[in-house]
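Chemist: When we follow my numbering, the leftmost residue of the sequence shown carries the number -13, and every step to the right adds one. This is the structure I have questions about; it appears just below.
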Amino acid sequence: MVREKRVVLRDCFTDYDSHHCGSITQNRFRRSFPISLPPADLDIIVRKYADGGRHGDINYRLLHEDVMEGFSFRPESPPHASRSDVRTLTAAETELREAIHRRRLSLYEFFQDFDPLRSGFVTVNCFKRVICQSGLEHLSHLLDSIARVHVDERKPGFVNYAN
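Take a look at the structure:
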């Protein structure tokens, strides 16, 4: 189910791992688990990945590695863009940058509203929504081409707004 929904388990728990050791408390693990499971199934996962060395914490990194082993979220490679497509995209990006600069907008805060885990990624639809809600709806015709090119190859369907 995690693979079907394209959930990256590690990203669900890293915010709660203040020591960056790969483990979080059982209570935090249960509350943060991204998929609704029957309590008995979640108990099995908790018992299997309990980290005996740290007060019964859960080793979420090991769970992530076990689930994601041999699986990749790499998207199909996009078709090669022609020179005219590249020029059009460059012009679209320039137009968007100029509009943001002209209105003195800081879109980072807008994007963080749609990124509760502060991962630096939002879905393509959220990317478009943020641009339109920030008062740049007149540029909505450019967003499909910009988003399509800037989709992160490690997280298909997500745009990296932080870089």
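All C-beta atoms in this analysis are idealised placements derived from N, C-alpha and C, irrespective of residue type, glycine included.
1) Please go through the same chain and pick out, in chain order, the residues whose beta-carbon is closer than 7 Å to the beta-carbon of residue 106, but skip the five residues on each side of it.
2) So what does DSSP say about residue 9, is it helix, strand or coil?
3) Which of helix, strand or coil does DSSP assign to residue 145?
4) From 117, 86 and 84, pick the residue whose C-alpha is nearest to that of residue 99; which is it?
5) My output table needs one value for residue 43: the three-state DSSP class, helix, strand or coil.
6) Output the distance between the C-alpha atoms of residue 110 and residue 123, rounded to the nearest integer angstrom.
7) Thinking C-beta only, is residue 126 closer than 8 Å to residue 96?
8) So, helix, strand or coil for residue 61, using DSSP?
9) When the Cβ atoms of the segment 45 to 57 are set against those of the segment -9 to 9, are three or more pairs found closer than 8 Å?
10) Roughly how many whole angstroms lie between the Cα atoms of residue 32 and residue -1?
11) For the beta strand (DSSP E) containing residue 96, list its first residue and its last residue.
12) On the CB-based measure, 16 or more other CB atoms within 10 Å of its CB, does residue 52 come out buried or exposed?
13) DSSP three-state call for residue -6: helix, strand or coil?
14) Just to confirm my understanding: we take residue 93, look at its own chain, exclude 5 residues before and 5 after, and list those with CB closer than 8 Å. What are they?
15) For residue 103, does the count of other Cβ atoms within 10 angstroms reach 16, so buried, or fall short, so exposed?
16) For residue 139, which of helix, strand or coil comes out of DSSP?
Modeler: Here's the rundown:
1) If we look at residue 106 and ignore the five residues flanking it on each side, its Cβ neighbours are 146, 147 and 148.
2) Of the three classes helix, strand and coil, the one that applies to residue 9 here is strand, per DSSP.
3) Strand at residue 145.
4) Measuring from the Cα of residue 99, the nearest candidate turns out to be 117.
5) For residue 43, the three-state secondary structure derived from DSSP is strand.
6) Taking the straight line joining both Cα atoms gives about 15 Å.
7) Going by beta carbons, residue 96 and residue 126 fall outside the 8 Å limit.
8) Bear in mind that the predicted position of residue 61 carries a pLDDT of just 43, short of 50, making it unreliable; the figure below should be weighed with that in mind. Here DSSP, grouped into helix, strand and coil, assigns residue 61 to coil.
9) The segment 45 to 57 is in contact with the segment -9 to 9.
10) Put simply, the backbone Cα of residue 32 is about 14 Å away from that of residue -1.
11) No beta strand (DSSP E) contains residue 96, which is instead part of the alpha helix (DSSP H) from 93 to 99.
12) Its Cβ having fewer than 16 others within 10 Å, residue 52 is exposed.
13) Correct three-state label for residue -6: coil.
14) These residues qualify, in order along the chain: 86, 116, 117, 120 and 147.
15) Exposed, by the Cβ-count rule.
16) Coil, per DSSP.
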